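> To start, I am sharing the structure in question, which I have written as structure tokens.
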Amino acid sequence: MRKSRTTRRVAALATGTALTALLTAAPAGAGTSDLPVVTASGETAALHDDEPGGNSDADDPAIWRNPADPGRSLVVATAKEGGLRVYDLDARTVQSLPAPKPPSEDDAPGRYNNVDLVTGLRTTSGRADVAVVSDRGNDRLRVYRIDPARPGGPLTDITDPAAAPVFSADQAEINDQRTAYGLATWTDRATGRSYALVSRRERTRLALLELVPAAHGTVGYRRVRTLDLPSSFRLPDGTTWRPCAEPGELPQVEGMVVDPATGTLYAGQEDIGIWRLRADLTGRPVLVDKVKEYGVPGTYDEESEECVPGTDPGYGGKRLSADVEGLTLLQDRDGDGHLLASSQGDDTFALYDREVSEGNAYEGGFRIGAATPTLDGVQECDGAAILDAPLGSRYPRGLLVVQDGEDTPAVPDGDGGTRTATGFKFVDLGDLRDAADL
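Heads up: take any position in the sequence shown, counting from 1, add 13, and you land on my numbering.
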């Protein structure tokens with residue numbers, strides 16, 4: 014979630030702003046100005062989070078590889094109340110799918126937050142590649158079959174109509190919007206069963222949902238178990254700390270990814286850091302890295318709806334600036350690779366060793382800078398996806414797609430101001446490997 018987009022994140026911004034001088038004075042190697050810079054090779058049309066733009070707000074991408082013709086692969090991306098967008102490798106819109114309408118005019122509308130893919134999912138109509146989406150507005154998962162030959166567009170909604178809310182007991186609770194938020198898919202290699210791991214907005218809870226075939230080729234889900242990450246933390250000085258937020262809100266998770274080789278889930282608790290745990294939600298979570306703001310006290314001011322930060326006690330990490338977002342994997346063919354995380358607060362990306370035996374050690378980072386005056390860099394990145402495989406002549410070494418939280422140039426709103434724009438940037442994975450010396 015971008016800090017500048019909601020009142021809740023204003024609190025975190027206040028803390029981050031107060032820490033700027035401290036972070037600038039961090040030890041050598043902890044800064045960000047010396048990180049390598051890579052540029053995007055393409056970008057989607059801007060989305061606008063207002064009525065004329067259909068309340069569309071870019072959030073999270075996934076990349077589907079067309080096995081018959083890799084050069085015709087697709088990017089599936091969420092646009093909040095704007096539903097789903099499907100793009101080709103030239104970042105052109107192939108299909109636009111609306112989010113569901115609210116049950117009544119007083120209820121929350123559909124709002125697509127995160128998306129991930131499952132290859133060869135078992136359905137009653139045969140195996141299918143599908144996109145799984147967290148519908149935050151309705152607290153449900155939505156499942157779309159991917160068929161590039163389908164007239165009218167490659168995606169078809171095959172969600173079981175009987176699919177129940179993920180976390181909420183009734184519509185009133187859904188309208189409170191403590192609903193399905195972050196999402197990652199996982200197929201257990203031992204059993205062949207496929208799952209979605211889903212986080213809950215403004216809570217620390219994660220849910221493991223098995224994707225199950227339903228009637229007429231549709232797909233539903235059933236809850237397997239849940240796990241609650243910590244909401245407060247014991248600091249080295251003996252005090253207890255929790256990040257500042259509006260009353261009643263807990264530090265949520267959004268960015269998640271599963272390493273398919275080991276069944277390891279990496280979950281980004283936005284104001285805390287990156288957790289490593291088993292994808293079946295058993296065992297003990299391990300905090301791989303912390304955000305720089307970890308341990309900084311703050312007092313919520315009701316009048317300004319902002320947090321007043323205290324003195325930094327120095328317990329935070331050195332690489333991630335809250336929020337931590339956009340987790341994805343760069344998987345090398347030899348079994349090595351990297352975990353990539355968006356450091357939203359300072360517009361950088363961090364890379365960690367994929368090997369658990371190496372403690373997921375930090376191995377550098379990068380920025381995405383401006384390629385031209387019109388193809389700008391990436392700011393406040395929410396979601397990210399990597400496909401490390403040849404995608405035709407356009408991306409022979411693979412592709413990185415990232416959300417850009419401040420797409421430019423600005424567009425006038427007709428009232429003397431500008432419309433807020435977001436979008437997705439496409440980065441040649443070969444360029445990234447070269448720039449970051451991977």
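Every residue, glycine too, gets a C-beta built ideally from N, C-alpha and C.
Predicted model only: the values in this text are computed from it and were never measured.
#1: CA-CA distance, VAL391 and GLY348?
#2: How far does the alpha helix (DSSP H) with ASP444 in it extend, from its first residue to its last?
#3: Can you name, in chain order, every residue of its own chain whose Cβ lies under 6 Å from the Cβ of VAL50, other than the five neighbours on each side?
#4: According to the neighbour-count rule (16 or more other Cβ atoms, all chains shown, within 10 Å of its Cβ), is ALA38 buried or exposed?
#5: Within 10 angstroms of the Cβ of PRO40, are there 16 or more other Cβ atoms? Answer buried if so, exposed if not.
#6: Tell me the DSSP secondary structure of PRO7 in three-state form.
#7: What residues in its chain sit with their C-beta under 7 Å from that of ASP444, if we drop five residues either side in the sequence?
#8: Using CA coordinates, which residue listed in ARG78, SER69, ASP47 and GLU283 is at the minimum distance from LEU413?
#9: What residue does the beta strand (DSSP E) around GLU223 start on, and which one ends it?
#10: Fully enclosed by the region 64-126, which beta strand (DSSP E) runs are 3 residues long or longer?
#11: Taking the C-alpha atoms as reference points, what is the distance between ARG135 and GLY358?
#12: For ALA434, collect the residues of the same chain with a Cβ closer than 8 Å to its Cβ; drop the 5 residues on either side in sequence, then sort them by chain order.
#13: Indicate the three-state DSSP secondary structure (helix, strand or coil) for THR230 in the structure shown.
#14: Does DSSP classify LYS438 as helix, strand or coil?
#15: To the nearest angstrom, report how far apart ALA34 and THR431 are at their CA atoms.
#16: By the three-class DSSP mapping on this structure, what secondary structure does ILE187 have?
#17: Just curious, the beta strand (DSSP E) that GLU319 is in, first and last residue?
#18: Exposed or buried, what is GLY42 when buried is set at 16 or more other beta-carbons lying within 10 Å of its beta-carbon?
#19: Residues in the same chain with beta-carbon distance under 6 Å from VAL237, minus the five sequence neighbours each way, listed in chain order, please.
#20: Could you compute how far the alpha carbon of TYR157 sits from the alpha carbon of VAL440?
#21: Given PRO326, which residues of its chain have a CB within under 6 Å of its CB, disregarding the five upstream and five downstream residues?
#22: With respect to the beta strand (DSSP E) encompassing LEU267, which residues constitute its N-terminal and C-terminal limits?
Inspection of the coordinates gives the following:
#1: As a first step, residue 391 must be located in the sequence shown, where it is residue number 378. As a first step, residue 348 must be located in the sequence shown, where it is residue number 335. Answer to the nearest angstrom: the Cα atoms are 29 Å apart.
#2: Here residue 444 refers to the residue found at position 431 of the sequence shown. Segment 442-449, the alpha helix (DSSP H) holding ASP444.
#3: Working through the sequence shown from its first residue, we reach residue 50 at position 37. Cβ neighbours of VAL50 beyond the five flanking positions: ARG380 and GLY382.
#4: Within the sequence shown, numbered from 1, the residue matching residue 38 stands at position 25. With a pLDDT of 35 at ALA38, under the threshold of 50, the modelled position of that residue is not reliable, and no figure is offered here.
#5: Reading the sequence shown from its first residue, position 27 is the one you call residue 40. Because the pLDDT of PRO40 is 37, which lies under 50, any placement of that residue in the model is unreliable, and the question is left without a value.
#6: Nothing about residue 7 can be reported from this structure: the residues present for the chain run from 14 to 451 only.
#7: For this step, residue 444 is matched to residue 431 along the sequence shown. Within the same chain, ASP444 has close Cβ partners VAL51.
#8: Within the sequence shown, residue 413 is the residue found at index 400, counting from 1. With distances taken between Cα atoms, LEU413 lies closest to ARG78.
#9: Position 210 of the sequence shown, counted from the start, is the residue given in the question as residue 223. Counting along the chain, the beta strand (DSSP E) containing GLU223 begins and ends at 218-226.
#10: Counting only runs of 3 or more, we get 74-77, 87-91, 97-100 and 106-110.
#11: Here residue 135 corresponds to residue number 122 of the sequence shown, with the count starting at 1. Here residue 358 corresponds to residue number 345 of the sequence shown, with the count starting at 1. The straight-line gap from Cα to Cα measures roughly 40 Å.
#12: Your numbering for residue 434 matches position 421 in the sequence shown. Answer for ALA434: ALA59, LEU60, HIS61, GLU419, ASP420, THR421, ALA423 and VAL424, listed in chain order.
#13: Against the sequence shown, residue 230 aligns to sequence position 217. Strictly speaking, residue 230 in this sequence is Gly, with Thr absent from that position. Correct three-state label for GLY230: helix.
#14: What you label residue 438 is simply residue 425 of the sequence shown in a count that begins at 1. Three-state result, LYS438: strand.
#15: Indexing the sequence shown from 1 puts residue 34 at position 21. Indexing the sequence shown from 1 puts residue 431 at position 418. With a pLDDT of 34 at ALA34, under the threshold of 50, the modelled position of that residue is not reliable, and no figure is offered here.
#16: The residue given as residue 187 occupies position 174 in the sequence shown. Reduced to three states, the DSSP call for ILE187 is helix.
#17: What you label residue 319 is simply residue 306 of the sequence shown in a count that begins at 1. Counting along the chain, the beta strand (DSSP E) containing GLU319 begins and ends at 319-322.
#18: Taking the sequence shown and counting its residues from 1, the one referred to as residue 42 is at position 29. Because the pLDDT at GLY42 is just 39, under 50, the model does not fix this residue reliably, and the value given afterwards should be weighed accordingly. Looking at its Cβ environment, which holds fewer than 16 other Cβ atoms inside 10 Å, GLY42 is exposed.
#19: By 1-based counting over the sequence shown, the position of residue 237 is 224. Excluding five sequence positions before and after VAL237, the CB atoms of its chain that fall closer than 6 Å to its own CB belong to LEU221 and GLU223, given in chain order.
#20: Sequence index remark: in the sequence shown, residue 157 carries index 144 (1-based). Sequence index remark: in the sequence shown, residue 440 carries index 427 (1-based). So the two alpha carbons sit approximately 26 Å from each other.
#21: As a first step, residue 326 must be located in the sequence shown, where it is residue number 313. Counting only Cβ-Cβ distances below 6 Å, and skipping sequence neighbours, we find GLY308.
#22: Along the sequence shown, one-based indexing puts residue 267 at 254. The sequence given here has Glu at residue 267, not Leu. Residues 266-272.
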